[in-house]
Each structure stands twice: as C-alpha cells, then as structure tokens.
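A.B. asks: Could you have a look at this structure, given as structure tokens, before my questions?
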Amino acid sequence: MKSKIILLGPPGSGKGTQGEKLSEKFGYVRLSTGDMLREAVRKETDLGLKAKGFMDSGALVPNDLIINLMKEKIASLGEGTGVIFDGFPRTVEQADALAKQIDIDLALNLDVDDEELITRLTKRRTCPQCNSVYHLTYNPPKKEGFCDKCGSVLYHRDDDKEETVRNRLKVYRENTLPLIDYYRKKGKLVTIEGIGNIDKIFDQVDKALQ
Ligand code: AP5
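Structural data, given as structure tokens:
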C-alpha cells in the first residue's frame with residue numbers, strides 16, 4: 546500500500562476534496578501548504594504577514610519560506626506515518642527539497658479543464674475552522690452557509706475571485722506543470738480524470754494507492 550502521496554493538479558482540481566477523503570479512510574496525515582498559510586495569515590504570524598500579498602494576488606509564496614515550513618512538518622512525522630502532500634511541491638525547487646527528506650511512492654495528478662476550474666472556485670465555500678470545502682451547486686452544505694462537520698460559518702476565499710483564479714491558473718502552468726514530467730520520469734506519476742462524481746473519482750484515487 547502506497548503511503549507517501551503527492552496530490553498534483555491545478556487550483557480547484559479537487560486536491561483538498563480527495564485528500565480529505567484519503568486521510569479519513571486511511572488515517573494518513575494531510576499536509577496542505579494552502580491551509581497552513583491561510584492559518585498563518587489569520588493569526589498574523591511572521592510567515593502569514595510575509596505570505597499574504599502573494600496569496601491575495603494568486604502568486605506563489607517564495608520557495609525558501611515554503612521549504613522551511615515543510616522541512617519542520619516532515620521532520621516531525623513519526624516513522625512509517627502515511628502522508629498526503631496537498632499543494633506541495635509546487636515548483637521543481639520544492640520537489641528537489643522534498644526528495645532530500647522523503648521517498649515519495651506516488652504523485653497523483655488530477656486533470657481538469659480551465660472552465661470547470663473557474664466554475665468550481667468561484668462557487669466554492671470553505672470552512673475557516675476545519676478547512677472542509679463545499680460547492681454551492683456540486684457539493685452544498687446541509688445547512689446553507691454552515692460547515693457540516695464543525696458548524697462554523699463558511700466563507701468565500703479572497704483568491705477565489707475570477708480574476709485571481711485566472712492568475713493562479715497562469716502561475717500553475719508556468720511553475721507547477723513541469724512537475725508532471727518530473728514525476729513521470731521518476732516512474733511515480735498517475736493521472737486521473739478529475740471531472741465527474743467525487744466518490745467515483747475517489748474510487749480511482751483509492752485504486753492508485755494499492
Ligand atoms: P492552495 O490552498 O493550495 O490552493 P490551490 O492549489 O490553488 O488549490 P485549491 O485549494 O484552490 O483547490 P483544490 O485542488 O484543493 O480543490 P478543492 O478540493 O478545494 O494555495 C493557495 C495559495 O497559497 C496559492 O495560490 C499560493 O499563493 C500559496 N501556496 C500554497 N502552497 C504553496 C506552495 N507549495 N508554494 C508556494 N505557494 C503556495 O475543490 C475545489 C471546489 O470544487 C470545491 O468547491 C469542491 O467542493 C469542488 N469539487 C471538488 N471535486 C469536484 C468534482 N469532482 N466535481 C465537482 N466539484 C468538485
């Protein structure tokens with residue numbers, strides 16, 4: 546069973562959605578750099594203050610900040626812990642840094658076209674407390690405006706406005722797309738069509754881990 550997994554894919558492709566399901570089913574630790582950075586911004590930590598401007602515009606936070614953040618998180622994982630990297634690595638420099646610390650079993654690439662991504666992100670709602678995500682049409686919360694899991698009031702992420710989403714897609718193509726070839730060359734890449742029923746996509750994700 547593969548237990549060191551990277552979730553690759555453009556913004557809105559479902560990395561958080563599938564990563565959460567994986568972590569619920571297998572008990573793997575999910576390390577989402579986006580969630581960590583949003584928490585740092587909320588708490589106005591040194592990292593949050595440095596990261597905010599980049600995140601608001603849809604740009605990447607500088608490699609050195611991210612690599613330092615993840616180095617500590619990875620070092621604190623117990624021996625043999627299953628782990629899902631969601632949103633990291635996002636550049637070849639980050640992937641090289643990760644390879645120095647941990648041997649990855651699988652890079653799962655969720656493939657979704659741009660127009661679908663824009664529809665998903667502009668209608669996404671996020672829980673600020675437990676980071677669960679919903680979609681107003683595809684995956685609505687049971688009680689409108691509130692998180693099913695913890696009851697917090699859901700919000701629309703600042704970087705989910707259409708103009709910022711388009712910039713995030715451009716940034717993804719320029720910086721993160723090369724990682725598909727990077728992991729293909731290492732024989733670690735599996736690409737899954739990320740459009741359609743969330744549970745059916747999860748079945749394929751699950752299969753790729755076996
Ligand atoms: P981050 O939070 O990582 O954002 P992202 O990669 O852009 O990914 P998203 O969270 O937007 O989407 P997702 O793929 O998780 O999709 P989701 O499951 O939510 O990063 C934010 C920012 O932080 C970056 O822009 C950057 O500034 C910074 N950052 C983070 N990591 C960094 C790094 N390593 N280096 C540098 N900077 C970094 O799904 C989206 C929506 O679609 C939801 O509404 C969901 O309900 C719905 N949905 C999911 N699956 C389906 C489906 N099959 N059908 C219909 N709807 C679906």
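All residue numbers for the sequence shown refer to my numbering, where the first residue is 546 and numbers rise by one.
Glycine residues also receive a C-beta, built at the ideal position from the N, C-alpha and C atoms.
A quick note: this is a predicted structure, and the numbers were derived from the prediction, not measured.
1) Does DSSP classify F691 as helix, strand or coil?
2) For the beta strand (DSSP E) holding L592, just list the boundary residues, first then last.
3) Given a threshold of 16 other Cβ atoms within 10 Å of its Cβ, counted over all protein chains shown, does Y700 qualify as buried or as exposed?
4) Classify L576 as buried or exposed, calling it buried when 16 or more other Cβ atoms lie within 10 Å of its own Cβ.
5) Indicate whether the contact test is met: 3 or more Cβ pairs, each with one atom in the region 613–625 and one in the region 636–646, closer than 8 Å.
6) Over what stretch of residues does the beta strand (DSSP E) that includes L605 continue unbroken?
7) Pick out whichever of K547, S548, G561 and N608 has its Cα sitting closest to the Cα of C672.
8) Considering only heavy atoms of the ligand AP5, does any lie closer than 8 Å to the CB of T590?
9) Could you check whether G564 and L552 sit closer than 9 Å to each other, using their CB atoms as the reference points?
10) Is the beta carbon of K715 closer than 9 Å to that of T667?
11) What first and last residue would you give for the alpha helix (DSSP H) that runs through L651?
12) Just checking: is the beta-carbon of Q646 within a distance shorter than 9 Å of some beta-carbon in chain C?
13) Can you determine whether any heavy atom of the ligand NAD sits closer than 8 Å to the C-beta of F691, and answer yes or no?
14) Just mark R587 as buried or exposed, buried being the case when its beta carbon has 16 or more other beta carbons within 10 Å.
15) What does DSSP give as the partner residues of I746 in its beta bridges?
16) Determine the DSSP secondary structure at N676, reduced to helix, strand or coil.
17) Among residues of its own chain, excluding the 5 on either side of V710, which ones have a beta-carbon nearer than 6 Å to its beta-carbon?
18) Between Y679 and the ligand AP5, is there a pair consisting of the residue's CB and a ligand heavy atom that are separated by less than 8 Å?
19) With respect to the beta strand (DSSP E) encompassing D631, which residues constitute its N-terminal and C-terminal limits?
20) Examine the ligand AP5 and report whether any of its heavy atoms sits within less than 8 Å of the Cβ of N654.
21) Going by beta carbon distance, what residues of the same chain come within less than 6 Å of D656, once the five residues before and after it are set aside?
22) With H, G and I counted as helix, E and B as strand and the rest as coil, what does DSSP make of Y683?
C.D. replies: On the basis of the supplied data:
1) strand
2) It is not in any beta strand (DSSP E) - L592 instead sits in the alpha helix (DSSP H) that spans D591 to S602.
3) exposed
4) buried
5) yes
6) No beta strand (DSSP E) contains L605, which DSSP labels as neither H nor E.
7) G561
8) no
9) yes
10) no
11) That residue, L651, is in no alpha helix (DSSP H); its beta strand (DSSP E) goes L651 to D656.
12) Looking at the structure shown, chain C is missing, and only one protein chain is on hand.
13) Only the ligand AP5 can be found as ligands here, which leaves the ligand NAD out of the picture.
14) exposed
15) Answer is none; I746 lacks a bridge partner.
16) coil
17) I663 and L666
18) yes
19) V628 to D631
20) no
21) T736, E738 and G739
22) coil
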